[in-house]
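Peer 1: This is the structure I want to talk about, given as structure tokens.
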Amino acid sequence: HFILDGARQGDPGLIVSFEESAAQLRRNASSFGWDIGELEEKDLLRILYPSNGEVYSGESLLQIRDCIEKFGVKRVLVDSINGFADMSPDRDGEEYVRKTSRYLKSNNITTIFVNETRDLLGSKQITENGTSYMMDAVIMLRYVEIESELRRAISVLKIRGSAHDTGIHEVKIAGEGVTVITDETSFERYEDIFSGAPRLARAEAFVKAFRDR
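Put into structure tokens, the structure is as follows:
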């Protein structure tokens, strides 16, 4: 959504993918009814896939700069931050990410760095390489188990210099893409949603116990 919405508004986007090839991205996008190939033909989208061996250690940033200067890129998606950090020429991934984020910010380019945690449920760490402090905003998206069902939850952990919604909301991914359910109160009945072991809030648990008697 982030890259496609920008492209549809005339803001060229760049996807730096270490997880999926360009062909895979096109295929996955088509399942949602998105024709990213058409956007590529119009120079509104570029896909950089360093894992194919065409980009070597230390060249990722150079490739990004080249795309930005050539196509006037306004939005960048890096998936994932771990893969990008591994491309550091001196193996200092944290500094490599810092240098890149500073460059993008100085050029007024909005960027999303995706980080995948090792644990499916209840991770205690936002990023394994300690780069979350560099980001102006941190959004947590993860699976939660509620009543023996896996559901997706999202929460804004920080937005630098701005007030923000601190609630935890459900996310659904369907044919139309990603939808954040802001009017649903099901999560409000539970505590410790992101712990991996959510439980009914005390008031809710009391009501349930009373009803079950």
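Under the working numbering, the first residue of the sequence shown carries the number 732, and numbering increases by one thereafter.
Beta carbons: idealized from backbone N, C-alpha and C, even for Gly.
The structure displayed is predicted, hence computed values, not measured ones.
(1) Where Arg-891 and Ala-884 are concerned, what is the direct C-alpha to C-alpha distance, given to the nearest angstrom?
(2) So Ala-754 is in the alpha helix (DSSP H); what residue range does that whole segment cover?
(3) Have a look at Met-871 and Ser-811 and give me their C-alpha separation to the nearest angstrom.
(4) Under three-state DSSP, which class holds Ile-840?
(5) Between the C-alpha atoms of Glu-907 and Gly-764, what's the straight-line distance to the nearest angstrom?
(6) Select from Thr-831, Glu-901, Arg-930, Gly-737 the residue whose C-alpha is nearest the C-alpha of Thr-913.
(7) Per DSSP, which one or two residues make a beta bridge with His-900?
(8) Got a sec, what are the start and stop residues for the beta strand (DSSP E) Glu-876 sits in?
(9) Grouping DSSP H, G and I as helix and E and B as strand, with all else coil, what is Ser-893?
(10) Would DSSP call Ser-819 helix, strand or coil?
(11) Taking Gly-898 as the reference, give the member of Glu-919, Lys-836, Ala-753 with the closest Cα.
(12) From Lys-805 to Thr-862, what distance separates their C-alpha atoms?
(13) Can you check which of these residues, Gln-755, Thr-910, Ser-886, is closest to Asp-896 by C-alpha distance?
(14) So which of Arg-882, Asp-867, Tyr-874 has the shortest CA-CA distance to Lys-889?
(15) CB-CB under 6 Å to Arg-829, same chain, minus the five flanking residues each way: which ones, in chain order?
(16) Anyone know if the C-beta pair for Val-747 and Phe-815 falls short of 8 Å?
Peer 2: For this structure:
(1) Arg-891 and Ala-884 have their C-alpha atoms spaced approximately 21 Å apart.
(2) Looking at the DSSP string, the run of the alpha helix (DSSP H) that includes Ala-754 is 753–761.
(3) The alpha-carbon atoms of Met-871 and Ser-811 are separated by roughly 14 Å.
(4) Ile-840 carries a coil assignment under DSSP once its states are collapsed to helix, strand and coil.
(5) Taking the straight line from one Cα to the other gives about 8 Å.
(6) Closest option to Thr-913, Cα to Cα, is Glu-901.
(7) The partner list for His-900 (beta bridge, DSSP) reads Ile-885.
(8) Start and end: 868–877.
(9) Correct three-state label for Ser-893: coil.
(10) Three-state DSSP puts Ser-819 in coil, outside helix and strand.
(11) With distances taken between Cα atoms, Gly-898 lies closest to Glu-919.
(12) Distance between the alpha carbons of Lys-805 and Thr-862 is about 22 Å.
(13) The shortest C-alpha separation from Asp-896 is found at Ser-886.
(14) Among Arg-882, Asp-867, Tyr-874, the Cα nearest to that of Lys-889 is on Asp-867.
(15) The residues are Met-865.
(16) A contact, by the Cβ cut-off of 8 Å.
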